[in-house]
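Per this note's numbering, the sequence shown starts with residue 380, numbered consecutively. So the structure is just underneath, and the comments pick up after that.
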Amino acid sequence: MVTHPDRVGFIGLGIMGRPMVANLIQNGIAVSVWNRSRPGIEAALAAGATEAESPEAVARDSDIVVTIVTDSPDVEAVLFGPDGAANGLRPGSLFIDMSTISPAVTRDLAARLAERDVAMLDAPVSGGEGGATAGTLSIMVGGDAHSVTRARPLFEAMGNTIVHVGPVGAGQTVKLCNQVAGAIHLLAMSECLVLAQKAGVDPAKMLEAVSSGAAGSWMLSNLAPRVLDRDFAPGFMIKLQQKDLRLALAAAQELGVALPATALVHQLFHALESQGAEDEGTQALVRTLESMAGVQVQRGG
380 MVTHPDRVGF
390 IGLGIMGRPM
400 VANLIQNGIA
410 VSVWNRSRPG
420 IEAALAAGAT
430 EAESPEAVAR
440 DSDIVVTIVT
450 DSPDVEAVLF
460 GPDGAANGLR
470 PGSLFIDMST
480 ISPAVTRDLA
490 ARLAERDVAM
500 LDAPVSGGEG
510 GATAGTLSIM
520 VGGDAHSVTR
530 ARPLFEAMGN
540 TIVHVGPVGA
550 GQTVKLCNQV
560 AGAIHLLAMS
570 ECLVLAQKAG
580 VDPAKMLEAV
590 SSGAAGSWML
600 SNLAPRVLDR
610 DFAPGFMIKL
620 QQKDLRLALA
630 AAQELGVALP
640 ATALVHQLFH
650 ALESQGAEDE
660 GTQALVRTLE
670 SMAGVQVQRG
680 G
């Protein structure tokens, strides 16, 4: 059982936030919450959280405030907007953003909070809804070592891989690296499934043969079977993947780095978005390749 002397507030109760709050509570950490919509709040209350009336109220009642929302403007809004959390944060408080946002915006937010004597960590996560539910997320943390130590019991309640990767903003950079690798693995998964199908080989047998070898990946083991079952329900939505890839490509442009494969996957996902599939799971990328090859991946080849 985790114990923690700080009062914790949590803002953002979507697919990821709800199970993360539940894991905090199950580990003995009291949590007050706020969300823009009621379903997330009701789920958190059912898990044992208490409700606050605004982000400011969450911060006023907390020593550590955690956010996990959609994009950079959303973090800035809940922090510095009307009734924003920054109005309730006291000197010595800790703000932890677990969203996936711009590294540059993260550094700017941290500087603005530092003027109020509030420390910030950026701690984006990987592992999807399944990892959030199981408490096995990978958490990549940027910030000062003292704040990381202070927050570690919270991180250990939500994940099993916690890596301090550098100063504020480094967590977001590492998360973008994660998204770049994941997107390219998705394309590799899609291409090998379509190749096997077109050649008349059972894609399920192909996966059995290659998944445990040098070509194995999380995508092959976890998402390819869902493709075989024609299950495109989201563990991670295409529109969120696209947001992350836009952030990665923007960061790469700022740094003068070429990411040609990432740009290609971004365009292939755009084709699905143009067909209204933005709320589907990222494994739906295979459908773009299927369309070009004139096949549909299925068990039995």
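Ideal Cβ positions, reconstructed from N, Cα and C, are used throughout, including at glycine.
Near residue i, what residues of its chain come up, given a Cβ to Cβ distance below 7 Å and the 5 sequence neighbours on each side ignored?
{"i": "Asn-557", "result": "Ser-505"}
{"i": "Arg-486", "result": "Val-547, Gly-548"}
{"i": "Lys-577", "result": "Ala-672, Val-674"}
{"i": "Val-457", "result": "Ile-390, Pro-434, Thr-446, Val-448, Gly-463, Ala-464"}
{"i": "Ser-441", "result": "Arg-386, Val-387, Gly-388, Ser-411"}
For residue i versus residue j, is the C-beta distance shorter than 8 Å?
{"i": "Glu-455", "j": "Leu-500", "result": "no"}
{"i": "Val-484", "j": "Ala-502", "result": "no"}
{"i": "Phe-615", "j": "Ala-663", "result": "no"}
{"i": "Leu-572", "j": "Pro-582", "result": "yes"}
{"i": "Val-665", "j": "Val-580", "result": "no"}
{"i": "Glu-652", "j": "Gln-621", "result": "yes"}
{"i": "Leu-638", "j": "Val-544", "result": "no"}
{"i": "Ile-541", "j": "Arg-529", "result": "no"}
{"i": "Leu-473", "j": "Ala-498", "result": "yes"}
{"i": "Gly-393", "j": "Gly-427", "result": "no"}
{"i": "Ala-575", "j": "Gly-679", "result": "no"}
{"i": "Leu-668", "j": "Glu-587", "result": "no"}
{"i": "Pro-561", "j": "Pro-613", "result": "Looking at the sequence itself, residue 561 is Gly, so the reference to Pro does not match. No; because the gap between Cβ atoms is not below 8 Å, this pair is not in contact."}
Below 8 Å on the Cβ atoms is my guess for residue i versus residue j; work out the distance and round it to an integer in Å.
{"i": "Gln-551", "j": "Ile-443", "result": "Incorrect: roughly 19 Å between the Cβ atoms, too far for contact."}
{"i": "Glu-435", "j": "Asn-414", "result": "At roughly 14 Å, the Cβ-Cβ gap does not stay under 8 Å, so Glu-435 and Asn-414 are not in contact."}
{"i": "Val-644", "j": "Leu-624", "result": "7 Å"}
{"i": "Ile-475", "j": "Val-445", "result": "5 Å"}
{"i": "Ala-409", "j": "Val-387", "result": "7 Å"}
{"i": "Glu-508", "j": "Met-395", "result": "7 Å"}
{"i": "Ala-423", "j": "Arg-397", "result": "6 Å"}
{"i": "Leu-602", "j": "Ser-590", "result": "About 11 Å separates the two Cβ atoms, so there is no contact after all."}
Taking DSSP's pairing of strands, which residues face residue i in a bridge?
{"i": "Met-616", "result": "Gly-660"}
{"i": "Gly-388", "result": "Ser-411, Val-444"}
{"i": "Ile-475", "result": "Val-445, Leu-500"}
For residue i, I'd like the list of residues in its chain whose CB is within less than 6 Å of its CB, leaving aside the five on either flank, ordered along the chain.
{"i": "Asp-658", "result": "Met-616"}
{"i": "Gly-391", "result": "Thr-446, Ile-447, Val-448"}
{"i": "Leu-516", "result": "Val-504, Gly-506, Gly-510, Met-537, Gly-538"}
{"i": "Arg-495", "result": "none"}
{"i": "Leu-403", "result": "Val-410, Ala-536"}
{"i": "Ser-596", "result": "His-564"}
Using C-beta distances below 8 Å, list every residue in its chain close to residue i, excluding the 5 sequence neighbours before and after it, in chain order.
{"i": "Leu-555", "result": "Thr-479, Pro-482, Asp-623, Leu-626, Ala-627, Ala-630"}
Pick out the complete beta strand (DSSP E) segments inside the segment 495-575, 3 residues or longer, and give them in chain order.
-> 498-501, 516-521, 538-545
Residue ranges of each alpha helix (DSSP H) within the segment 426-464, 4 or longer | 434-439, 451-459
Alpha helix (DSSP H) segments (min. 4 residues) lying fully within the segment 604-649 | Those alpha helix (DSSP H) runs which fall completely within the segment 604-649 and span 4+ residues are 617-634.
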